[in-house]
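In my numbering, the protein residues as written are 478 to 836. A virtual CB, placed ideally from N, CA and C, is assigned to each residue, including glycine. The structure presented is a predicted model; accordingly, all values stated were derived computationally and were not measured. Notes for the one structure printed next.
In structure tokens:
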């Protein structure tokens, strides 16, 4: 069977991309991958153990140690897939972004001469800071590759195969364009769906797919029946605040899809996707900061979320953006008034049969 975990990063910010990531493992039976692979959820166990946990516990904390732990985990699993470490962002993106080839077209369409999200930086972002403390970068990379090889042996011993990881990046220009037609929740789901569909193409009959809940919503039936999965028979198993589960069947394939509250704490692949997604977004945000700081070194680095520092950054770069003719849609996410999608709630008859608004 194949287990897939999906998570999003950057659902609410005003700067930077929306990132949706999926990772997949082939297993003989379901189990706790944290225990099976001896991988920790606790950031305090770094650097003695590999850490796979909710990305907010690593990248959203004001701690270089935690950020290094997250970056190291990403590097270990990247090395597991590609047998090398990325030296710069594009070599990282070209391997994991499902829609990487779309960006030249979007940048051309936006007519932005300067592209701040593609500012020049190198990788790693934080692990290289250890070099000044007496460690060479080559030694750090050698250690990461060694841990990756050890993980590879452990996976083989437990008859588990890491099938891969894919990410979709929705840049502000694309986000604004799509948000004029779709509500934000549905726009987000459509990216989940692309990743689900991608892994369902694998030659396997049984799939367990876990995704973090989108904005806390309970009902995903209409989403599942409206796009790439509309030809699959879909049955509701449960819809609650904690979990929304569905069974999908098509020919000889069966997929159990569950949207979980705090999925990163419950399913290992969701947590791993959370880390890769957050790291990907951090690269984009660091590039945006670097681009504008090259023109104005006094600018403070920002997260891109709706906080006072980010709002000040937006205000202080306004004249520069105008001077450089940077398309506002490439820089800022817009607020949109969404047109609801209507559908009929299944299983209801007579007066109880009513229109349900998907929001």
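If you count every other CB in all the chains shown that lies within 10 Å of the CB of residue i, and 16 or more means buried, which is it?
| i | result |
| --- | --- |
| residue 755 | buried |
| residue 588 | exposed |
| residue 739 | exposed |
| residue 547 | buried |
| residue 533 | exposed |
| residue 578 | exposed |
| residue 721 | buried |
| residue 512 | exposed |
| residue 614 | exposed |
| residue 487 | buried |
| residue 561 | exposed |
| residue 556 | buried |
| residue 524 | exposed |
| residue 514 | buried |
| residue 507 | exposed |
Here's a check: name, in chain order, each residue in its chain whose Cβ is nearer than 8 Å to the Cβ of residue i, leaving out the five neighbours to either side.
| i | result |
| --- | --- |
| residue 770 | 776 and 778 |
| residue 727 | 708, 709 and 710 |
| residue 489 | 782 and 783 |
| residue 802 | 589, 590 and 591 |
| residue 773 | 793, 794 and 797 |
| residue 668 | 485, 495, 497, 645 and 647 |
| residue 764 | 566, 593, 594, 595, 596, 597 and 598 |
Measure the alpha-carbon distance for residue i versus residue j and round it to whole angstroms.
| i | j | result |
| --- | --- | --- |
| residue 694 | residue 736 | 9 Å |
| residue 733 | residue 481 | 10 Å |
| residue 521 | residue 542 | 9 Å |
| residue 768 | residue 684 | 42 Å |
| residue 605 | residue 723 | 44 Å |
| residue 573 | residue 497 | 11 Å |
| residue 677 | residue 705 | 11 Å |
| residue 621 | residue 686 | 29 Å |
| residue 806 | residue 478 | 42 Å |
| residue 624 | residue 528 | 12 Å |
| residue 661 | residue 652 | 9 Å |
| residue 752 | residue 535 | 8 Å |
| residue 700 | residue 691 | 11 Å |
| residue 638 | residue 703 | 32 Å |
| residue 554 | residue 762 | 22 Å |
Quick one: what's residue i bridged to in DSSP?
| i | result |
| --- | --- |
| residue 726 | 710 and 731 |
| residue 503 | 479 and 638 |
| residue 484 | 498 |
| residue 646 | 496 |
| residue 689 | 737 |
| residue 684 | 479 and 732 |
| residue 574 | 644 |
| residue 528 | 517 |
Go through its chain and collect everything with a Cβ distance to residue i's Cβ below 6 Å, but skip five positions before and after it.
| i | result |
| --- | --- |
| residue 730 | 682 |
| residue 500 | 482, 642, 746, 749 and 750 |
| residue 545 | 603 and 604 |
| residue 688 | 483, 669 and 736 |
| residue 601 | 548 |
Note down, in chain order, each residue of its chain lying with its Cβ closer than 7 Å to the Cβ of residue i, except the 5 sequence neighbours on either side.
| i | result |
| --- | --- |
| residue 664 | 655 and 656 |
Tell me, please, whether the CB atom of residue i is closer than 7 Å to any CB atom in chain B?
| i | result |
| --- | --- |
| residue 492 | Absent from the structure: chain B. Only one protein chain is present. |
Item to complete: Evaluate contact between the region 622 to 629 and the region 770 to 784, counting only Cβ atoms and requiring at least three cross-stretch pairs below 8 Å.
Response: Taking 8 Å as the limit for Cβ pairs, the verdict is that the region 770 to 784 does not touch the region 622 to 629.
Worksheet item: Any contact of the region 795 to 811 with the region 483 to 493, i.e. 3+ C-beta pairs under 8 Å?
Response: With a cut-off of 8 Å, the region 483 to 493 and the region 795 to 811 count as touching, because enough Cβ pairs lie within range.
Discussion item. With a threshold of 8 Å, are at least 3 pairs of Cβ atoms found where one atom belongs to the region 575 to 594 and the other to the region 643 to 650?
Written reply: Contact check between the region 575 to 594 and the region 643 to 650: three or more CB pairs, one atom from each, fall below 8 Å, which counts as touching.
Worksheet item: With a cut-off of 8 Å, do at least 3 Cβ pairs link the region 782 to 794 to the region 664 to 678?
Response: Between the region 782 to 794 and the region 664 to 678 there are fewer than three C-beta pairs closer than 8 Å, too few to call the two in contact.
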